[in-house]
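Asks: Sharing a structure here in structure tokens format.
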Amino acid sequence: MMNLWSDRQLPGEGRDGLVAHLQPCAACRSQYAQLARVSAVLRGLDVPDPGESYGHILSTAVQERIQAAQRRSRAWALGSGMARATRLRLLVAGAVLLVGIVCVAVLRGPVGNTSAFADTLKAMAEVRTAHAVGTSHGEKTEAWLSVDHGYRIELPDRLRIGTLEATWDWDRHSNKVMIYDPEPDVMRRALAELSGTHWLAEVRPGDEYQTSDASLEGKAAKRIDIRSHEGWSATLWIDADTERVARMERSRTAGDGSPVPEDRTDFEYGVTVDPALFEFEPPAEATVVDARIGSVRGILDEALKAAEGTPIHEVTEEKVRLSRRQANWLDFDHPRRREAWYLRGVGSRREWADGGVQVRQGRTVWDLGPRGASVTETDNGPDQALAFDWLFSLKMQVFPTDRPTEVTPGERDGAPIVQVTSYFTNRLTAEVTHKTKLVLVFGLHPGRLIESSCYYDVAGEWRLGEHTRLGYPEKLPEGVFEFKPPPGVTVRDMRTGRG
Amino acid sequence: MQGDETALVARAGAGDIQAFGSLAEMHGKRVYRLAYRFCWNGDDAHDIAQETFIRAFEYLRGFRQGSDFGPWLYRIAVNVCLAHRQREQRARRAALLVPVETGGAGEEELAERIAVSSRVQEEIRRLPRRQQAAVVLFELEGLSVDETARAMGCSTGSVKRHLHRARETLRRRLLDLLAGTADASGGVEVGLQSRSADDEPMVGQTAAR
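The listed protein sequences derive, respectively, from chains A and B. Residue numbers for the first sequence follow the working numbering, beginning at 981 and rising by one. Residue numbers for the second sequence follow the working numbering, beginning at 13 and rising by one.
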């Protein structure tokens, strides 16, 4: 009878019978209560609303995928038939389109004419293979991109190749090759490199832009002018027939105040791209710095190995980073940041010296700064965001040396610790590097990072640079993860589905 | 409305992409919600929703005109969700991100809600495939046993078996969360009322929770 009730198939008289039985029978009452609670808990699981326009967005994406598949199918019918691998590539192209649509959704604010961005991103997202030749900083630029292979940007003094395996960056003047981890989405990265979508991603509420009909080399085109409050402006021409970007101009201001023009034209779409363009062998006698995360990961592995059998064995870099509270944190990339709070499962809160506050909860980010307040939705939750901060700082700034990591057991305030000392080179700019010594102190009971010190080599002597003590409060102060825009502040809600 | 849908299905079956787009617009949100409850991730849910409609367009020629489009589409969606789950288990994706209503919640309450939701989602994901599908369709989407059976392409008896096993598994695994409910006699009446056979939602009418 209880099963019938659970299946919503117990008629009225049956319910009466069940109730009559449950009153005196404690065992059945308990079982019933637990089943009811399971159902209640399940019903309490919420699904975020994808937004009023979701049906339309999905419908558009589906129609475009079907049309693209049909076009390709017709093309294949003329050739050797549809290979399985080709179908997979089609799916990749669909995913790229999805990225574009997501970008559109994210960028679409409450202002009516934001479709300029939507059009541009859509036009860019449809690119499958392309070749662009133009000028950048007054010099010739050549760029290839291919869904199947990756991207290649060639400048007179620099070559950058990105594939699913890694990103290679060759500075021809210094003959130095930096190898980075691959961008998770090669295609997105390629589009950013090639077409300047990263400019659009930088667009903030308040930037000015307008769309107009124009002509490009005698052909009808849509012109999009963007003027950023951060000092750059860009103009894009979209071919009216192909709906693809045909020309881009950008102008930004150099440090000395002079304008720096950038111009890319002569895009070719659907070109055959030689896979060899995306292979890279470091040139002879080049200095190769492998900055991939995997190559510096051994540091913590060493620490864990040394502390085997102790609670530190349970420490991973993720746990260390994600469960701590940082106070008075001053880091390299954000010199104005003064405070950061983080609690796994709840969110993060960061404060800046100018009064700016950023609060993250789940995927939602509230930002309050001098320019106003905004609410956005990110791809990453707080866990990933903070982990990424750390990995990014390692990736960009720190590279291992041949000197082995030293692991020393010790004692602090009567409690056992282990001190891990690692040696790196630290890349401050493209040309300036320092020797760095990083000392991490792990407590063993409980096993977690309690202190980090960074020393720089100055004229052969180690000098203390940054020093951070980590606290683990039992309870956070109230209100740390609450955010209410102050009165009078203009709030733009950029979350998908709300704009 | 039903007549409109039937006409759209007929046109889409004849290759009219725009008509199919209208069907996608009508059912898109619902498929998204279903997909979300399988993967608990917005991006994946969007992928699954797209894949569902792409497949539906491919299979549309085999659709029996006059049948209900919604349940047929739902069945495809469930299959795509289950296939996605298989891929996901192989790749064992990143940590679960949990959507919860945050309005008015205090810090501790919010943390508690997130923890509970996360735990329940994880337990649902750990269920065997068919049990997971039954729980999502019946308990979360609010379909009846018959509708669940149609969406899963199995008998109602089979759905009941999956549901009962799933509930028992969840009850056992979530015992700590269920603490304090051992004697809930005060909730019996409420629970029974909310489970009456009269208020079963129909396909296409599932209320947002």
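We put the CB at the ideal spot given by N, CA and C, even for glycine. This structure is a prediction, so every number in the text was calculated from the model and none was measured.
How would you list, in chain order, the residues of chain B whose beta-carbon sits under 7 Å from the beta-carbon of D987 of chain A?
Replies: V157, K172 and L175
Asks: Can you confirm whether V128 of chain B, when its beta carbon is compared against all beta carbons of chain A, has any partner nearer than 9 Å?
Replies: yes
Asks: Would you report the Cα separation of P1262 of chain A and P1255 of chain A, rounded to the nearest angstrom?
Replies: 17 Å
Asks: I1501 of chain A to W1217 of chain A, Cα distance in whole Å?
Replies: Chain A is shown only over 981 to 1479; residue 1501 of chain A falls outside these bounds and no answer can be derived.
Asks: Between the C-alpha atoms of D1161 of chain A and Y1131 of chain A, what's the straight-line distance to the nearest angstrom?
Replies: 14 Å
Asks: Which residues mark the beginning and the end of the beta strand (DSSP E) in which R1203 of chain A is found?
Replies: K1199 to R1207
Asks: Would you say P1465 of chain A lies against chain C (beta-carbon separation less than 9 Å)?
Replies: Any reference to chain C falls outside this structure, whose protein chains are A and B.
Asks: How about R179 of chain B: is its C-beta nearer than 9 Å to some C-beta of chain A?
Replies: Look at R179 of chain B: its C-beta is under 9 Å from a C-beta on chain A.
Asks: By how many angstroms is the C-alpha of T1143 of chain A removed from the C-alpha of D1221 of chain A?
Replies: 31 Å
Asks: Ignore the nearest five residues each way along the sequence and tell me which others in W84 of chain B's own chain have a CB closer than 7 Å to its CB.
Replies: F75
Asks: Can you tell me which of A:W1148, A:A1112 and A:S1192 puts its alpha carbon nearest to the alpha carbon of V1269 of chain A?
Replies: A:W1148
Asks: Please identify the residue among A:P1030, A:I1046, A:V1113 and A:R1009 whose C-alpha is closest to the C-alpha of R45 of chain B.
Replies: A:P1030
Asks: What is the DSSP secondary structure of L1444 of chain A, reduced to helix, strand or coil?
Replies: In the structure shown, L1444 of chain A sits in a strand (DSSP, three-state: E or B).
Asks: I'd like to confirm something about L187 of chain B: is its beta-carbon nearer than 8 Å to some heavy atom of the ligand HEM, or not?
Replies: The ligand content of the structure shown is nil, which means the ligand HEM is not present either.
Asks: Within 10 angstroms of the Cβ of E70 of chain B, are there 16 or more other Cβ atoms? Answer buried if so, exposed if not.
Replies: exposed
Asks: Taking one C-beta from the segment 14-23 of chain B and one from the segment 56-66 of chain B each time, how about it: are there three or more such pairs within less than 8 Å?
Replies: no
Asks: Got a sec? Which residues, its chain only, sit under 8 Å from R1138 of chain A by beta carbon, not counting five neighbours each side?
Replies: Correct list, in chain order: D1149, W1150, D1151 and R1152.
Asks: Classify T1388 of chain A: buried if its beta carbon has 16 or more other beta carbons within 10 angstroms, exposed otherwise.
Replies: exposed
Asks: From which residue to which residue does the alpha helix (DSSP H) around K1156 of chain A run?
Replies: Not the alpha helix (DSSP H): K1156 of chain A falls in the beta strand (DSSP E), residues K1156 to Y1160.
Asks: Since V30 of chain B sits in a beta bridge, which residues does DSSP pair it with?
Replies: The sequence as given places Gln at residue 30 of chain B; Val does not occur at that position. Q30 of chain B pairs with nothing; no bridge assigned.
Asks: Find the residues of chain B that neighbour A1041 of chain A, judging by a C-beta separation of less than 8 Å, and give them in chain order.
Replies: Q62
Asks: How long is the line joining the alpha carbons of S1033 of chain A and Q62 of chain B, rounded to whole angstroms?
Replies: 15 Å
Asks: Given R1009 of chain A, which residues of its chain have a CB within under 7 Å of its CB, disregarding the five upstream and five downstream residues?
Replies: L1002
Asks: Classify A1006 of chain A: buried if its beta carbon has 16 or more other beta carbons within 10 angstroms, exposed otherwise.
Replies: Label assigned to A1006 of chain A: exposed.
Asks: Can you tell me which of the three DSSP states F75 of chain B falls into?
Replies: coil
Asks: In three-state terms, what does DSSP make of R1138 of chain A?
Replies: strand
Asks: Hey, does D1161 of chain A have any beta-carbon neighbour from chain B nearer than 9 Å?
Replies: no
Asks: Using a Cβ cut-off of 9 Å (strictly closer), state whether L1015 of chain A contacts chain B.
Replies: yes
Asks: So what's Q1003 of chain A in DSSP terms, helix, strand or just coil?
Replies: coil
Asks: Which bits of chain A does R183 of chain B rub up against, with CB to CB less than 7 Å?
Replies: Chain A residues near R183 of chain B: Q1014, L1015 and V1018.
Asks: Using a Cβ-Cβ cutoff of 9 Å, what residues of the segment 71-82 of chain B are near chain A? List them in chain order.
Replies: none
Asks: State the Cα-Cα distance for the pair A1146 of chain A and G1250 of chain A, rounded to the nearest angstrom.
Replies: 24 Å
Asks: Out of B:L182, B:L186, B:D188 and B:Q144, point me to the one whose CA is closest to V171 of chain B's CA.
Replies: B:Q144
Asks: Following the continuous beta strand (DSSP E) through T1214 of chain A, name the residue where it begins and the one where it ends.
Replies: Contrary to the premise, residue 1214 of chain A reads as Ala rather than Thr in this sequence. Note, A1214 of chain A: beta strand (DSSP E), S1213 to D1219.
Asks: Mind reading off the beta-carbon distance from L186 of chain B to E135 of chain B? Whole number of angstroms is fine, and I expect it under 8 Å.
Replies: 6 Å
Asks: What number of angstroms, rounded off, separates the C-alpha of R177 of chain B from the C-alpha of I88 of chain B?
Replies: Roughly 24 Å between the two C-alpha positions.
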